[in-house]
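Residue numbers (this note's numbering): 1 to 91.
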């Protein structure tokens with residue numbers, strides 16, 4: 001999908017392969033997490049920040065939100081009462 005390089009990243013266009021990857025049930029488990037996740041986690045643990053994660057989902061594929069996003073949130077920041085996930089549907 002993206003060819004990462006210290007000399008300049010570029011988008012690789014291969015729609016069938018990209019669609020297959022992003023729709024895979026384990027997509028979010030294999031994707032790298034936020035680069036600033038450690039810093040956010042420290043602030044959350046010290047109760048110095050409230051976090052709301054906003055994420056879009058395709059309502060034609062997931063009528064009640066993408067369960068993969070719900071699962072990865074529940075396994076990470078979902079353990080903290082000062083964190084929430086807001087899924088925004090689109091058609």
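Note that the Cβ used here is the ideal one computed from N, Cα and C, for glycine as well.
Using the beta-carbon count (16 or more within 10 Å), is residue i buried or exposed?
{"i": "residue 15", "result": "exposed"}
{"i": "residue 28", "result": "buried"}
{"i": "residue 72", "result": "buried"}
{"i": "residue 58", "result": "exposed"}
{"i": "residue 66", "result": "buried"}
Relative to the alpha-carbon of residue i, which residue among the options has its alpha-carbon at the smallest distance?
{"i": "residue 41", "options": "78, 90 and 89", "result": "78"}
{"i": "residue 60", "options": "7, 83 and 90", "result": "90"}
{"i": "residue 62", "options": "45, 5, 23 and 19", "result": "23"}
{"i": "residue 80", "options": "47, 20, 64 and 66", "result": "47"}
Tell me where the beta strand (DSSP E) around residue i begins and ends.
{"i": "residue 73", "result": "First-last for residue 73: 67-75, but that is the alpha helix (DSSP H), not the beta strand (DSSP E)."}
If I'm right that residue i touches residue j with Cβ under 8 Å, what's the distance once you round it to whole angstroms?
{"i": "residue 86", "j": "residue 54", "result": "5 Å"}
Leaving out five residues before and five after residue i in sequence, what residues of the same chain have Cβ atoms less than 7 Å from its Cβ?
{"i": "residue 50", "result": "82"}
{"i": "residue 68", "result": "25, 27 and 28"}
Leaving out five residues before and five after residue i in sequence, what residues of the same chain have Cβ atoms less than 8 Å from its Cβ?
{"i": "residue 56", "result": "87, 88, 89 and 90"}
{"i": "residue 70", "result": "85 and 87"}
{"i": "residue 52", "result": "83, 84, 85 and 86"}
Go to residue i, then tell me how far its alpha helix (DSSP H) extends in each direction, as first and last residue.
{"i": "residue 37", "result": "37-45"}
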